[in-house]
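Novice:
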Amino acid sequence: MIVAEGLTVVFGRTVALASIDLAIPPGVVGVFGPNGSGKSTLLRVVAGLLSPRRGRVTWRGSPVTARAESFRRAVGYAGHAAGLYGRLSVRENLELFATLCGAPRARVEGLIEAVRLEAVASTAVADLSAGVRRRAAVARALVGEPELLLLDEPYANLDDDASEAVSDAVRHWRAPGRTALIATHGAKRLKAWADAGLVLQGGRVAAWGRYGAEERPSRRGAADG
Amino acid sequence: MAEAGPARAEAGFWAKTAALVGKDLRLEARGLETLAPMVVFCVAVALLLAFSLPDPVRPGRGALAEVIAGFLWVTVLFAGLIGFARTLESERRDGALDSLLLAPLDRSGLFVAKAAANLVGVAAVEAVLVPLFWLLFDLRLGASWAALAGVALLVDVGFVALGTLLSALAAQTRSRELLLPVLALPALVPVFVAAVELSADLFAGRGFDALAASGWFGVLLAFDVVACAVGALTFEYALE
Amino acid sequence: MGSDPGTSPPPSRLTWLGVAAWASVALAAIPVLFVAREADPALGGQLQRVFYLHVPAAWIAYLAFGIVFLASIAYLRTSARRWDLIAHSAAEVGVVFCTLVLVTGPIWARPVWGTWWQWDARLTSTLLLWLTYVGYLLLRSLATDPARVGRMAAVVGVIGFLDVPIVHFSVFWWRTQHPQGPSVVDPTRASGLGAPELTAFFASLVAFTLLFAWLLALRVRVGRLEDEVESRSLVGAPSERVPALR
Chain A
64 MIVAEGLTVV FGRTVALASI DLAIPPGVVG VFGPNGSGKS TLLRVVAGLL
114 SPRRGRVTWR GSPVTARAES FRRAVGYAGH AAGLYGRLSV RENLELFATL
164 CGAPRARVEG LIEAVRLEAV ASTAVADLSA GVRRRAAVAR ALVGEPELLL
214 LDEPYANLDD DASEAVSDAV RHWRAPGRTA LIATHGAKRL KAWADAGLVL
264 QGGRVAAWGR YGAEERPSRR GAADG
Chain B
1419 MAEAGPARAE AGFWAKTAAL VGKDLRLEAR GLETLAPMVV FCVAVALLLA
1469 FSLPDPVRPG RGALAEVIAG FLWVTVLFAG LIGFARTLES ERRDGALDSL
1519 LLAPLDRSGL FVAKAAANLV GVAAVEAVLV PLFWLLFDLR LGASWAALAG
1569 VALLVDVGFV ALGTLLSALA AQTRSRELLL PVLALPALVP VFVAAVELSA
1619 DLFAGRGFDA LAASGWFGVL LAFDVVACAV GALTFEYALE
Chain C
21 MGSDPGTSPP PSRLTWLGVA AWASVALAAI PVLFVAREAD PALGGQLQRV
71 FYLHVPAAWI AYLAFGIVFL ASIAYLRTSA RRWDLIAHSA AEVGVVFCTL
121 VLVTGPIWAR PVWGTWWQWD ARLTSTLLLW LTYVGYLLLR SLATDPARVG
171 RMAAVVGVIG FLDVPIVHFS VFWWRTQHPQ GPSVVDPTRA SGLGAPELTA
221 FFASLVAFTL LFAWLLALRV RVGRLEDEVE SRSLVGAPSE RVPALR
């Protein structure tokens, strides 16, 4: 369960998130909204990389912070940028982060296959196209088998096949109790299989709800205080 | 690298740190983006400094030993600071810093790894510079090579620890690299003075025993301990 | 931070502190200028009175940088904005006092030593101290991300202060190894301070301490108000609840 209470983030003179209250249960959650609606900011705050001006976010009852090693062990984050070393190959990157996460090396090959990067695994990341880099970034976020997965625009620059590969990798990772927040401005790809959806608009929650029998989000208020 | 075990056979602190150092060295080996400019810079500075000396340079005699020692360490200091300014360059590109900040290893490992990578750079500069000085300024070290290497190691540890920490801070300002010397040079005075005094003694032909009694090793050790401890404890605040 | 500081009147305690500080400065001027006897001409004669400005200022500078150190540690541990503000304020005020030390020293030294500056241990380490905290303030003013500046500055506040004794030792030994330089006469010991001089000195020290406390409190208050102004201008009404559903 991710709980946000009065979450407010300010950059300079713009308010990126305006007093958001939310309770997100485990499952795969799509975070939708136009550019600048606060999706990336929300993900960075939940990842513990950004401290809110006001309010707080807790995950499984304790405040999120990248300072705590136990939290870092649980989180997998792929942000706007690739988060990889450009001069290292895809495989070298994944092996490095596998070592840092204490993951077995065998998982690296599995992930390379899962996101269909076998052909470019030995190519330096800087030489790859944006779409390929996205997939490598997703693989990196998954390498530590995180309990909390945060993906910022994983589908950007991806064609349908590649998008399917990313979705497959996340579905394969999905397990009871695990939570994923996936930010994307094209809701289409996620709605088919996500558990819930969150729509942000101008730093506020415009809609939030679980996909279920009645489909589509848009009803049910956020968990208000 | 124990594989296969289904339960996490987790790499320890030092294995993770070593992986980070290996990564930095591999990146450097592929581009030489930092080391090459550092080495060329220090050669150029050594040449320029030579112009300020009287013609027949005989550092073995008197005060000139101290001047030469000063030249040597000023050059190392400046070349080092140039290199340190790029400490987090590979992380800044492509947002790899975020990935690193979220990696589950003790944050002091990030400091140790970065400092170790910088140490390799400084040692490389010294490996070029000392023979160059021997060539240009007629250094006569005799049997003191080992002693000089020992002094250099003690100097480098403190220098690199403080430089790595402060470079992470300076990188987050509008003046970037410019602020690093402003912060680092006053703080590095003890290291610099000790380095000059000790190596001047060596250049002047005094033996290692004279050095050991001088108390400068105490200064160096104290500085190294403080710089490493503060670096390991506060580097994460400098990064975030 | 106070619950609603916008409507509160200026705090009277701060005002009284200011009054006390300036009153004690005025009072201290009497023993400094009239009670303390004129010093030996070898120590500058009348000019030696600058000592009553110089030494207390140095002590206060050390006190201020000590406060920066402790407040920096407290800030790193608690992330409470208050400590960051105290550290920043103490550094600013400390640099002012340290500047005073560096200016008054040469004024006295020129006629007495015949030179503005000596590479003496105490002078050199004071100059380095000044440079360190000017660097601290530069870092604060040049940082790109205002949310991180406190933590960055705190790191410098810690390392800067821990470095002080090592710097002092190294410079001290550096000088003792070069006995050709004329050694500095310590005005405290050489002049043999009597009761009138001690009165002047301690009156001056009390005045400087109060002045420092007032400046520090004033600077902290200004920082608080800046924070208040900023947070008001940013997020319209302070605690606006989001209706959250459409």
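Protein chains in written order, with this note's numbering: chain A, 64 to 288; chain B, 1419 to 1658; chain C, 21 to 266.
Using N, Cα and C, we set each Cβ at its ideal position, and we do this for glycine too.
(1) Based on the DSSP secondary-structure assignment, which residues constitute the bridge partners of A:GLN264?
(2) Specify, as a first and last residue, the run of the beta strand (DSSP E) that B:THR1493 falls within.
(3) Spatial neighbours of B:PHE1626 within its chain, please: C-beta separation below 6 Å, excluding the five flanking residues on both sides.
(4) Comparing the C-beta of C:VAL115 with each C-beta of chain B, is any distance below 7 Å?
(5) Against chain B, does A:ARG154 count as a neighbour if the rule is that its beta carbon must be under 7 Å from one of theirs?
(6) For C:ASP206 and C:ALA141, I'd like the C-alpha separation in whole angstroms.
(7) Starting from C:TRP36, trace the alpha helix (DSSP H) in both directions and tell me its first and last residue.
(8) Smallest Cα separation from A:ALA79: which of A:LEU205, A:GLY265, A:LEU163?
(9) Of all the options C:PHE189, C:ARG160, C:TRP193, C:PRO166, which has the alpha carbon lying nearest to the alpha carbon of C:GLY177?
(10) So what's A:SER114 in DSSP terms, helix, strand or just coil?
(11) To the nearest angstrom, report how far apart A:HIS248 and A:VAL262 are at their CA atoms.
(12) Excluding the 5 residues preceding and the 5 following A:GLY90 in the sequence, name in chain order all residues of the same chain whose CB lies nearer than 7 Å to its CB.
(13) Using a Cβ cut-off of 7 Å, which residues of the segment 148-171 of chain C contact any Cβ in chain A, in chain order?
(14) Using a cut-off of 8 Å between C-beta atoms, extract the partners of B:GLU1445 located in chain A.
(15) Name the one or two DSSP bridge partners that B:PRO1549 has.
(16) DSSP puts A:PHE74 in a beta bridge; with which residues?
(17) According to DSSP, which residues form a beta bridge with A:ARG119?
(18) Can you tell me where the alpha helix (DSSP H) holding A:PHE160 begins and where it ends?
(19) So, is the C-beta of C:PHE333 closer than 7 Å to a C-beta in chain B?
(20) Flag this pair as yes or no: are the beta carbons of B:LEU1559 and B:PHE1551 separated by less than 7 Å?
(21) In whole angstroms, what is the alpha-carbon distance linking C:LEU96 and C:ILE127?
(22) Please tell me whether B:VAL1607 has its Cβ less than 7 Å away from any Cβ of chain C.
(23) Give the C-beta separation of A:GLY149 and A:GLY118 to the nearest angstrom, bearing in mind that I take them to be a contact with Cβ-Cβ under 8 Å.
(24) If you draw a straight line from the C-alpha of C:LEU182 to the C-alpha of C:SER32, how long is it?
(25) Can you pull the DSSP bridge partners for A:TYR140?
(26) Leaving out five residues before and five after A:SER152 in sequence, what residues of the same chain have Cβ atoms less than 8 Å from its Cβ?
(27) What does a CB cutoff of less than 6 Å around A:ILE87 pick up in its chain, not counting 5 residues either side in sequence?
(28) Just to confirm the assignment, what range does the beta strand (DSSP E) spanning A:VAL92 have?
(29) To which residues of the same chain is A:ASN98 closer than 7 Å at the C-beta, ignoring the five residues directly before and after it?
(30) Please state whether DSSP places C:THR208 in a helix, a strand or coil.
(31) Kindly list the residues whose CB is nearer than 6 Å to the CB of B:LEU1490, restricted to its own chain and excluding five residues on each side of it in sequence; keep chain order.
(32) For C:ILE93 versus C:PHE232, is the C-beta distance shorter than 7 Å?
(33) Taking three-plus beta-carbon pairs below 8 Å as touching, is the segment 1524-1531 of chain B in contact with the segment 1493-1502 of chain B?
(34) Using a cut-off of 7 Å between C-beta atoms, extract the partners of A:SER114 located in chain C.
(35) Please determine, among C:THR146, C:PHE117, C:TRP136, C:ARG171, the residue with the shortest C-alpha to C-alpha distance to C:TRP103.
Specialist: Quick answer:
(1) The residue given as residue 264 of chain A occupies position 201 in the first sequence. DSSP, once it has assigned bridges, lists A:ARG267 as partnering A:GLN264.
(2) Against the second sequence, residue 1493 of chain B aligns to sequence position 75. Unbroken run through B:THR1493 is the alpha helix (DSSP H), 1482-1502; no beta strand (DSSP E).
(3) Locating residue 1626 of chain B in the second sequence gives position 208, counting from the first residue. If we look at B:PHE1626 and ignore the five residues flanking it on each side, its Cβ neighbours are ALA1565.
(4) Residue mapping note: residue 115 of chain C aligns to position 95 of the third sequence, counting from 1. No - not a single Cβ of chain B is within 7 Å of the one on C:VAL115.
(5) Residue numbering aside, residue 154 of chain A sits at position 91 when the first sequence is read from its first letter. It does not; no Cβ of chain B falls within 7 Å.
(6) By 1-based counting over the third sequence, the position of residue 206 of chain C is 186. By 1-based counting over the third sequence, the position of residue 141 of chain C is 121. With a pLDDT of 48 at C:ASP206, under the threshold of 50, the predicted position of this residue should be treated as unreliable, and no value is reported.
(7) Working through the third sequence from its first residue, we reach residue 36 of chain C at position 16. Element bounds for C:TRP36: 32-50.
(8) If you number the first sequence from 1, residue 79 of chain A lands on position 16. Taking only the C-alpha atoms, the option nearest A:ALA79 is A:GLY265.
(9) Locating residue 177 of chain C in the third sequence gives position 157, where the first residue counts as 1. Comparing Cα positions, the closest option is C:ARG160.
(10) Locating residue 114 of chain A in the first sequence gives position 51, counting from the first residue. Coil at A:SER114, not helix or strand.
(11) Taking the first residue of the first sequence as 1, we reach residue 248 of chain A at position 185. Taking the first residue of the first sequence as 1, we reach residue 262 of chain A at position 199. Distance between the alpha carbons of A:HIS248 and A:VAL262 is about 10 Å.
(12) As a working mapping, residue 90 of chain A is identified with position 27 in the first sequence. Within the same chain, A:GLY90 has close Cβ partners THR242, ASP258, ALA259.
(13) Within the segment 148-171 of chain C, the residues whose Cβ lies closer than 7 Å to some Cβ of chain A are ALA167, listed in chain order.
(14) Here the question's residue 1445 of chain B lines up with position 27 in the second sequence. Glu is not the amino acid found at residue 1445 of chain B; the sequence shown has Leu there. Within chain A, the residues near B:LEU1445 are TYR148, ARG150, LEU151.
(15) Your numbering for residue 1549 of chain B matches position 131 in the second sequence. Per DSSP, none; premise fails for B:PRO1549.
(16) The residue given as residue 74 of chain A occupies position 11 in the first sequence. Its beta-bridge partners are A:THR77.
(17) Position 56 of the first sequence, counted from the start, is the residue given in the question as residue 119 of chain A. Beta-bridge analysis with DSSP links A:ARG119 to A:GLU68.
(18) Position 97 of the first sequence holds residue 160 of chain A. Here the alpha helix (DSSP H) through A:PHE160 covers 153-164.
(19) Outside the shown range of chain C (21 to 266) lies residue 333 of chain C, about which nothing can therefore be said.
(20) Indexing the second sequence from 1 puts residue 1559 of chain B at position 141. Indexing the second sequence from 1 puts residue 1551 of chain B at position 133. Contact: no.
(21) Stepping through the third sequence from its first residue, residue 96 of chain C is reached at position 76. Stepping through the third sequence from its first residue, residue 127 of chain C is reached at position 107. So the alpha carbons of these two residues sit roughly 40 Å apart.
(22) Position 189 of the second sequence, counted from the start, is the residue given in the question as residue 1607 of chain B. Closer than 7 Å: yes.
(23) Locating residue 149 of chain A in the first sequence gives position 86, counting from the first residue. Locating residue 118 of chain A in the first sequence gives position 55, counting from the first residue. With a Cβ gap of about 36 Å, A:GLY149 and A:GLY118 do not count as contacting.
(24) Looking up residue 182 of chain C in the third sequence gives position 162. Looking up residue 32 of chain C in the third sequence gives position 12. So the two alpha carbons sit approximately 37 Å from each other.
(25) Here the question's residue 140 of chain A lines up with position 77 in the first sequence. According to DSSP, which records beta bridges pairwise, A:TYR140 is partnered with A:LEU213.
(26) Residue mapping note: residue 152 of chain A aligns to position 89 of the first sequence, counting from 1. Same-chain partners within the cutoff: ALA184, SER185, THR186, ALA187, VAL188.
(27) Here residue 87 of chain A refers to the residue found at position 24 when the first sequence is read from its first residue. The beta carbon of A:ILE87 lies closer than 6 Å to those of ILE65 in the same chain, with the five residues before and after it left out.
(28) Reading the first sequence from its first residue, position 29 is the one you call residue 92 of chain A. Note, A:VAL92: beta strand (DSSP E), 90-95.
(29) Position 35 of the first sequence, counted from the start, is the residue given in the question as residue 98 of chain A. Excluding sequence neighbours, A:ASN98 sits near HIS248.
(30) Residue mapping note: residue 208 of chain C aligns to position 188 of the third sequence, counting from 1. Since pLDDT at C:THR208 reaches only 47, below the 50 mark, its modelled position is unreliable, and the value read off the structure follows with that caveat. Of the three classes helix, strand and coil, the one that applies to C:THR208 here is helix, per DSSP.
(31) Here residue 1490 of chain B is taken as the residue at index 72 of the second sequence, counted from 1. Closer than 6 Å at Cβ, skipping near neighbours: PHE1551.
(32) Residue mapping note: residue 93 of chain C aligns to position 73 of the third sequence, counting from 1. Residue mapping note: residue 232 of chain C aligns to position 212 of the third sequence, counting from 1. The answer is no: Cβ separation not under 7 Å.
(33) No, the segment 1524-1531 of chain B is not in contact with the segment 1493-1502 of chain B.
(34) What you label residue 114 of chain A is simply residue 51 of the first sequence in a count that begins at 1. ALA167, listed in chain order.
(35) Locating residue 103 of chain C in the third sequence gives position 83, where the first residue counts as 1. Residue C:ARG171 is the option with its Cα nearest to C:TRP103.
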